[in-house]
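*Asks:* Everything in the sequence shown is counted per full-length UniProt numbering, starting at 1 for the first residue and increasing by one.
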Amino acid sequence: MAQETMSFQTEVKQLLQLMIHSLYSNKEIFLRELVSNASDAADKLRFEAIADGSLLENDPDLRIRVTHDAAARTITIDDNGIGMSRDEAIANLGTIAKSGTRDFFDRLSGDQQKDAALIGQFGVGFYSGFIVADRITVETRRAGKPAAEGVRWESAGDGEFAIETIERAQRGTTITLHLRADEDELLSSWKLKSLIQKYSDHIALPILMQKEEWDAEKSEMVVKDEFETVNQASALWTRSKNDIDAEQYTSFYKHLAHTQDDPLAWTHNRVEGRTEYTQLLYLPSKAPFDLWDRSQRGGLKLYVKRVFIMDDAEQLLPSYLRFIRGVVDSSDLPLNVSREILQESRDVRAIRDGVTKRVLSMLEELAENEADKYATFWGEFGQVLKEGIGEDNANRERLAKLVRFSSTHDDSDAQKVSLAEYVGRMKESQTKIYYVSADSWRAARNSPHLEVFRKKGIEVLLLTDRVDEWMLSFLTEFEGKPIASVARGDLDLVPDEAEKEVQEQVGDALKPLVEKAKEVLKDKAKDVRLTFRLTDSPSCLVADDGAMSGYLQRMLKAAGQNAPAAQPILEINPEHPLVKQLSADTPHIDDWCHLLFDQALLAEGGSLEDPNAYVRRANSLLLAAAGK
């Protein structure tokens, strides 16, 4: 087929400009990404060859070769992996097929180091070659295709690429980078070898480079025709922990997660027994861009007897641990295992349980021994971990000890208070763990429901994550202490004898006002009653015991879900100067009752059904107070 010129996808054009102009100072990532892609191609071939051995084409020894030509000013990365057909070359090299392309550009910060770390996460590693090359040539043939169906793809990164059919005997892919004029330092075996050992030493395939030796007569290094392996070429997770140092573990994580950030922690062990497997699990330090997409499960790679099986084995981790990265290598699963088999397999359920327990142990150790690191983890992934309270009944108690909240104990909005710490600070007569929910930390901190708790010196948890109310519908107690909302039901804070006497006297005096308010607000409030939970505010809204809170109703409505209709209870503070001025016979008493309700609704973060009516009533009462 004759050469054909095609245009890149719009996003690719943007990406090429980024590579060429913005990430130049991080040019070393190009070799890491291209070698990683070659390794993935070998993994895919090895997997497909399980069902069709002919794909190996009498060339079963998979490898990657890296060479350079100083005279031609080129670097070549060659693999004998799965290769690409013509359609695959167009799809993989001309477009960014992975969802989240727009997110990629939205996430760019202008910080070159951080932006470079996004390259691999978004599946765009190939284009990093344009950081150092002004032209890239790709020759490839898919395994199983005839030699006449080879493909040549070429582009100068200027918005277009050329593609044609060629004769290619070798299966796999050869990428040739034609270097820019100022990239001479890369035309060195020593430089390329150092980059491979720095970024790709953990690759399980042998990475080959031509041997060099010193020629005394010419006083220069001479490249030999024979090749040598320049990386360790063994799966890191299969080696003894004693033979792996922290730098190697970290390097392997960066390869897995396609990031330049170090992991917070990792755990590596072999599980023996009825089900045997090796697990190497990493706790990231930064949340991935698609953390909130529950359908994305790219965390764990599944191997069976060191043969790569799949990249996103979601059956090996519960959804709430989807941020974990790592490898599981099983000795028991069949090599032709499918996703359907994984769903039904008893061995997979055992692995899933074991991996989950291992991750929780890693988090517990971090929380107990490295508080700063755990605080970093919680800031990135805490909301996701909270999902586990509702989803993982078997581990609910362990998870409850790991969750963190902000509270009235300090003035910081940092979520660093554990339930165990709260219980340890409880008043001697206190029987419940109290919390308040709001849209923000400041709104929670200033909630009128906290007034009596401040007065009595009782700590209250401040819940501001959208998942919190849902989580606490499953976590109803901790260490035998009920967890109760300060905005639901009657408070059981026992008043002293003097307070009881005052409350009884005030209650009798204001009974007509309360009855009037019930009548006026019958379409808004389920009930109206006096309260002594307030000290500074005239009124507040509470939910009846067992009823859905106003905060949760608003959250469900914002998510497009139907929330059960439940009228709140209006509580009035009899000690407030405004309430003391009111009686059932006060002029404009209907407006005053509506005003007390609407103010309470606004104070808890709600929105008014009829803002204009609120403004009219407020203006009318202001004018009356001014004698107009």
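All residues carry an ideal CB built from backbone N, CA and C; glycine is no exception.
#1: Can you give me the Cβ contacts of residue 221 inside the same chain, cut-off strictly under 8 Å, excluding the 5 residues immediately before and after it?
#2: Got a sec, what are the start and stop residues for the alpha helix (DSSP H) residue 285 sits in?
#3: Quick check: what's the CA-CA separation for residue 324 versus residue 433?
#4: For residue 461, I'd like the list of residues in its chain whose CB is within less than 6 Å of its CB, leaving aside the five on either flank, ordered along the chain.
#5: If you drop the 5 nearest sequence neighbours on each side, which residues of the same chain put their C-beta closer than 7 Å to that of residue 24?
#6: Report, in whole angstroms, the separation of the C-beta atoms of residue 311 and residue 285, which I expect to be a contact under 8 Å.
#7: Quick check: what's the CA-CA separation for residue 187 versus residue 151?
#8: What do you reckon, are the CB atoms on residue 74 and residue 176 nearer than 9 Å?
#9: Report yes or no: do the segment 52 to 65 and the segment 153 to 165 share at least 3 C-beta pairs separated by less than 8 Å?
#10: Quick one: give me the first and last residue of the alpha helix (DSSP H) that residue 33 is part of.
#11: Can you tell me which of 32, 28, 512 puts its alpha carbon nearest to the alpha carbon of residue 252?
#12: DSSP has residue 210 in a bridge; who is on the other side?
#13: Report the CB separation of residue 337 from residue 279 in whole angstroms; it is logged as a contact under 8 Å.
#14: Determine the direct distance from the alpha carbon of residue 276 to that of residue 155, and round the result to whole angstroms.
#15: Whole angstroms are fine: how far does the CA of residue 199 sit from the CA of residue 39?
#16: Can the beta-carbon of residue 392 be found closer than 9 Å to that of residue 399?
#17: Roughly how many angstroms separate the alpha carbons of residue 359 and residue 327, rounded to a whole number?
#18: Who pairs with residue 270 in a beta bridge, going by DSSP?
#19: In chain order, what residues of the same chain lie with their CB nearer than 6 Å to the CB of residue 235, ignoring the 5 residues before and after it?
#20: Enumerated in chain order, which unbroken segments of the alpha helix (DSSP H) with a length of 4 residues or greater are wholly contained in the segment 112 to 199?
#21: In whole angstroms, what separates the C-alpha of residue 371 from that of residue 256?
#22: Kindly indicate which three-state DSSP category residue 478 falls into: helix, strand or coil?
#23: Taking just the CA atoms, how far does residue 5 sit from residue 13?
#24: At the level of alpha carbons, what is the spacing between residue 303 and residue 374?
#25: Given this structure, state the Cα-to-Cα distance separating residue 58 from residue 361, to the nearest angstrom.
#26: Does the distance from the C-beta atom of residue 172 to that of residue 78 stay below 9 Å?
#27: Residues in the same chain with beta-carbon distance under 7 Å from residue 145, minus the five sequence neighbours each way, listed in chain order, please.
#28: Using beta carbons (cut-off 9 Å, strictly below), is residue 335 in contact with chain D?
#29: Please state whether DSSP places residue 84 in a helix, a strand or coil.
#30: Buried or exposed: residue 98, going by 16 or more other Cβ atoms within 10 Å of its Cβ?
#31: Should residue 637 and residue 530 be called a contact, given that it needs their Cβ atoms to be closer than 9 Å?
#32: Going by the CB atoms, is the gap between residue 388 and residue 415 shorter than 9 Å?
#33: According to DSSP, what are the bridge partners of residue 65?
#34: Does the distance between the C-beta of residue 573 and the nearest non-hydrogen atom of the ligand HEM fall short of 8 Å?
#35: Can you tell me the Cα-Cα spacing of residue 690 and residue 488, whole angstroms?
#36: Short of 7 Å in beta carbon distance, which residues of its chain neighbour residue 471, apart from the five on each side in sequence? Order them along the chain.
*Replies:* Result, derived from the coordinates:
#1: 189, 212, 213, 214, 215
#2: No alpha helix (DSSP H) holds residue 285; DSSP gives it neither H nor E.
#3: 31 Å
#4: 405, 407, 435
#5: Because residue 24 sits at a pLDDT of 49, beneath the cut-off of 50, its placement in the model cannot be relied upon, and the point is left open.
#6: 22 Å between Cβ atoms; not a contact.
#7: 27 Å
#8: yes
#9: no
#10: 29 to 51
#11: 32
#12: 227
#13: About 17 Å separates the two Cβ atoms, so there is no contact after all.
#14: 48 Å
#15: 13 Å
#16: yes
#17: 13 Å
#18: 278
#19: 204, 306
#20: 112 to 121, 189 to 199
#21: 26 Å
#22: strand
#23: 15 Å
#24: 30 Å
#25: 46 Å
#26: yes
#27: 85
#28: Annotation note: the requested chain D is absent from the structure, which comprises a single protein chain.
#29: coil
#30: Low per-residue confidence applies at residue 98: pLDDT is 45, beneath 50, and the placement is therefore not dependable enough to give any value.
#31: One cannot answer for residue 637 here, as it falls past the ends of the chain, which runs 1 to 628.
#32: no
#33: 78, 208
#34: This structure simply doesn't include the ligand HEM, nor any ligand for that matter.
#35: This structure cannot speak to residue 690, because the chain is shown only from 1 to 628.
#36: 386, 389, 390
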